[in-house]
Amino acid sequence: MTGEIAAILAMDGIASGAIYVLIGLGLVLIFAVTRVIFVPFGDIAAFTALTLASLETGGRPGTVGLVAVLAVLATAVEATALVRNRAFHRLPRTLLFYLVLPLLPAAAVWFAAGTTFSMPVRIGLALALVLPIAPLLDRIVFRPIADASVLLLLTVAVALHFALSGLGLMFFGPEGVRTKSLTDAVFDVGGLIVNGQTVLILAASIVFCGLLFLYFEFTIQGKALRATAINRIGARLVGIRPTSTGTIAYLLASLLAGISGVLIAPVTTIFYDSGFLLGLKAFVGAIIGAMVSYPVTALGAVMVGLLESYTSFWLSAYKEVLVFSLLIPVLLWRSLSFSGSEEEEAEE
Amino acid sequence: MKNSILAAVLVASLGVGSAAQAEITVGFITSQSGPGSSIGVLYDRGMKAAVEYASSIGAEKIKLIQLDDGSDPSAATRNARKLVEENKVDLLIGTSTAASTSAMVPIANELKVPMIAISPISVAANDAGDRWAIVMPQPPTLMVKVVVDRMKRDGVKQFAYIGFSDAWGDLVYNGAQKPAEADGLKILTNERYARTDTSVTGQVLKMIATKPDAVLLGGAATQGALPPLALTERGYKGPLYGTPALLNTDFIRVGGKSVEGVQVSAGPVIVAEQLPDSHFSKKISMDFRAAYQKANGTPTSDGFSAYSFDAWLVFLDAAKRAMATGAKPGTPEFRVALKNAIFSTKDLVGTHAIYNYKPSDSYGVDERALVMVRLVNGQWKYEP
């Protein structure tokens, strides 16, 4: 291996690591606030890519149907709950948030089918279409069992993943897609050719990490999210509603998944079921961060990307095996250095 | 189980006794839903074309019963059993995924019904040493051998290999080893990637570092285009070779300029209109395309629908000879006669190949069943 090859591999590894960073941060965010290991998270990234590709060809993306069905279901669930509690005055608000808002982008895309938008509009539409999926799923599936054990929540999340990837097959078909490149720029850094797309991925990853940091440190909402993550009951006592922080966490995380989907769509072919492996590798990063630490998760995700890149050079047939074997030493180290028993307290 | 078979046979013979004339019944299974449906639908259309082409043997009408397996091997076995036990079919044809097709073979062996597999699978004889199933498509080893031979003709001395990290990648790599050795070619790398991978930069760098004269692609369909894209990005300009698994519109769409000029082996029906008139496949392939157009209302140039069409041709030919033995359709005797007739198929001209089946082997095609084609401006061009 020459220095040049090592540099190219490092570049490639950091680029794919940056994608895992975005997804990994989303996973940690959702887990910290709601205790759900949101397995279908990668699927949402893949759906964004598929939606974007479908918009590119002027078609009607399958996400429209998915969002419409979920919105109707969530509205029905929420409305029934409100009617049971005789809280009729909150019905209009429910309709606005669960039905009208998610359906707006869906309707826009539905009626504009056939017209081709410019790139920024397409990306905006794809993100707007995908954003409501996770919060709606949260309302339908996870909120009724919000106080269940972590294990049960995980089992449900796995089931949800299979349901979603089945729906993905139905809505998007079995063939993969690849979107047009976001930028054709090529940079020459000390003799090393760097793709504009790679720079974009890195920049987006850094920008979103920075934004998340600012959000958590300097806004009331961000602080509320952190409070819920640290202690749900305590947060409730000071007037933070865990359900609304949950929704915000899902929205934010969906945005991260959507962005990573948009960034990855021009780099590789995305299938309806590509999301799972993306999510799984990001999950390895999140495990390294013990599902709580954002900076360590980001580091872990980049490490996974690098490991993947170098093993694909040396032992491509065993790449997956090596990446996931990384979990064993990490888990050993984590369990040996595990001191507190926060989990057990939370389970009570 | 034995009782139910006995009962089925009894009922079958009773039924035949009362019917004035028996018709031949064929059970056809394909995936019209699920992940295998993109190919399964083509098999279905090919069968429609086949029935349009010929739906009787002499005065004898043929009854076709078709079932969907939803790309699920267990549904394929259930359907196969149902077709034999309830519908008393004389022949099974199926299906679109290798897993489901392999799952149907034991049913054919157990219930003693001849079967024509339209996916490339390897068939083992049953415990008694009998074979009940034949396979239509070209065996993967042959697909690769033709490509390696072409590389030698093109002056390639050493080539790099990159393929899927699954059974298909293994099949292509293992298939390339023997002919490469025979032709004196050196395989430089055995790189692998998964269908869901986002990057093959590492593999591609390693391949380029070995300075190959050519690259052999062991991928399939859309994601088969990932290595050519990465190779182009890293400045590789040499020739690319592949298998029929790349004969796919999405491969061309996604690969764009970087897959231009790629050469793959293919059944001759793919480029039927470009074949010389003297080629065996020319006339029958054009007949097939006309029948396809008439039955489905759309033109075709794919190879999958032609497998069902060829399966039908083999069946018609064999059934004619089985009828001559005097056995009545719907009886175990007829099934045996049909099996024997299928396994003695000789020089039957189909769209893909000239078929010769022997009782010792389920594959019945030779090198004539593959031609080389090159991708030029997004179209496959015949390369004699």
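Chains A and B, in that order, give the protein sequences.
Sequential numbering from 1 applies to the first sequence in our numbering.
Sequential numbering from 1001 applies to the second sequence in our numbering.
Quick reminder that beta carbons are idealized off the backbone N, C-alpha and C, glycines included.
Out of the options, which has the shortest C-alpha to C-alpha gap to residue i?
i	options	result
B:Ala1214	B:Ile1187, B:Asp1197, B:Thr1196 and B:Tyr1292	B:Ile1187
B:Ala1272	B:Ala1369, B:Arg1045 and B:Leu1064	B:Ala1369
B:Tyr1193	B:Ala1209, B:Ala1220 and B:Gly1238	B:Ala1220
A:Ser293	A:Ile230, A:Gly275 and A:Leu96	A:Ile230
B:Lys1283	B:Gly1297, B:Pro1268 and B:Asn1296	B:Pro1268
A:Pro324	A:Met291, A:Ser335, A:Pro295 and A:Leu278	The displayed chain sequence assigns Phe, not Pro, to residue 324 of chain A. If we check each option's Cα against that of A:Phe324, A:Leu278 comes out closest.
A:Arg122	A:Leu322, A:Val156, A:Val109 and A:Val189	A:Val109
A:Leu256	A:Val28, A:Gly13 and A:Ile8	A:Val28
B:Pro1239	B:Glu1233, B:Gln1223, B:Ala1230 and B:Gly1261	B:Gly1261
B:Ala1394	B:Asn1079, B:Met1136 and B:Thr1097	Absent from the structure is residue 1394 of chain B, since the part of chain B shown begins at 1001 and ends at 1384.
A:Ile264	A:Ser165, A:Gly42, A:Arg86 and A:Gly65	A:Gly42
B:Met1151	B:Leu1185, B:Gln1379 and B:Met1136	B:Leu1185
A:Phe97	A:Ser260, A:Phe172, A:Ala107 and A:Thr247	A:Thr247
B:Tyr1355	B:Thr1097, B:Met1136, B:Arg1131 and B:Pro1120	B:Met1136
A:Pro102	A:Ser118, A:Gly65, A:Arg86 and A:Val83	A:Gly65
I'd like to confirm the pairing. Which residues does DSSP put opposite residue i in its beta bridges?
i	result
A:Asp184	Paired residues: none, contrary to the question.
B:Met1115	B:Leu1092 and B:Ala1133
A:Ala203	A:Ala203 is not bridged to any residue.
B:Glu1085	B:Glu1085 pairs with nothing; no bridge assigned.
A:Val67	In the DSSP output, where bridge partners are listed per residue, A:Val67 has none listed.
B:Ile1266	The question names Ile, but residue 1266 of chain B is Ala in the sequence shown. BP columns for B:Ala1266 point to B:Val1371.
A:Val194	A:Phe187
B:Glu1333	DSSP lists no partner for B:Glu1333.
Residue i to residue j, Cα distance in whole Å?
i	j	result
B:Ser1308	B:Arg1081	20 Å
A:Met170	B:Ala1059	44 Å
A:Thr228	A:Arg143	15 Å
B:Ala1133	B:Ser1038	24 Å
B:Ser1301	B:Gln1138	17 Å
B:Leu1313	B:Ser1305	13 Å
B:Val1376	B:Gln1274	14 Å
B:Lys1237	B:Leu1083	53 Å
A:Thr75	B:Gly1242	52 Å
A:Ile220	A:Ala113	40 Å
A:Ala32	A:Leu336	22 Å
A:Leu125	A:Pro242	29 Å
A:Thr198	B:Leu1226	17 Å
B:Lys1257	A:Ala6	28 Å
A:Ser16	B:Thr1198	8 Å
A:Ala249	A:Thr268	28 Å
B:Ala1049	B:Asn1296	7 Å
A:Ser181	A:Gly166	28 Å
B:Met1104	A:Met11	48 Å
A:Trp333	A:Leu152	25 Å
So, for residue i: in the same chain, excluding its five sequence neighbours on each side, which residues have a beta-carbon less than 7 Å away from its beta-carbon?
i	result
B:Lys1294	Glu1052
B:Arg1321	Ala1341
A:Glu348	Because the pLDDT at A:Glu348 is just 39, under 50, the model does not fix this residue reliably, and the value given afterwards should be weighed accordingly. Hits under 7 Å: none found.
A:Leu9	Ser309, Tyr310 and Phe313
B:Arg1195	Phe1164 and Gln1223
B:Pro1212	Gln1158, Phe1159, Ala1160, Leu1188 and Gly1238
B:Ala1054	Leu1316
A:Asn195	Val186
A:Val330	Ile287 and Ile288
B:Ala1291	Ala1049, Glu1052 and Tyr1053
B:Gln1379	none
A:Gly26	Phe41, Ala253, Leu256 and Ala257
In chain order, what residues of the same chain lie with their CB nearer than 6 Å to the CB of residue i, ignoring the 5 residues before and after it?
i	result
A:Gly285	Tyr20, Gly24, Thr297, Gly300, Ala301 and Val304
A:Ala18	Ile201, Leu202 and Ser205
A:Phe216	Gly222 and Arg226
B:Lys1063	Glu1023 and Thr1025
B:Val1365	Gln1138 and Ala1353
B:Pro1035	Ser1071
A:Phe111	none
B:Lys1061	Glu1023
Skipping 5 residues on each side, what residues in its chain have a beta carbon closer than 8 Å to that of residue i?
i	result
B:Glu1367	Leu1142, Lys1145 and Val1146
A:Ile240	Ala224, Ala227 and Thr228
B:Gly1017	Any reading at B:Gly1017 must be qualified, since the residue scores a pLDDT of 40, below 50, and its modelled position is unreliable; the value itself is stated next. Once the five neighbours on either side are set aside, B:Gly1017 has no close Cβ partner at all.
B:Thr1232	Lys1257 and Ser1258
inquiry  = Contact between the segment 1124 to 1134 of chain B and the segment 1323 to 1330 of chain B is defined here as three or more beta-carbon pairs at a separation below 8 Å; is this criterion met?
reply    = Contact between the segment 1124 to 1134 of chain B and the segment 1323 to 1330 of chain B is absent: fewer than 3 CB-CB pairs across the two stretches fall below 8 Å.
request  = Count the C-beta pairs between the segment 1198 to 1211 of chain B and the segment 1164 to 1172 of chain B that are closer than 8 Å, then say yes if the count reaches three, no if not.
outcome  = no
inquiry  = Under 8 Å, with one C-beta from each stretch per pair, do the segment 168 to 183 of chain A and the segment 262 to 278 of chain A reach the 3-pair mark?
reply    = yes
query = Any chance the segment 84 to 99 of chain A sits against the segment 38 to 53 of chain A, with 3 or more Cβ pairs inside 8 Å?
reply = Judged by Cβ distances under 8 Å, the segment 84 to 99 of chain A makes no contact with the segment 38 to 53 of chain A, as fewer than three pairs qualify.
message = Quick check: the segment 1040 to 1047 of chain B against the segment 1021 to 1032 of chain B, are at least 3 beta-carbon pairs closer than 8 Å?
response = yes
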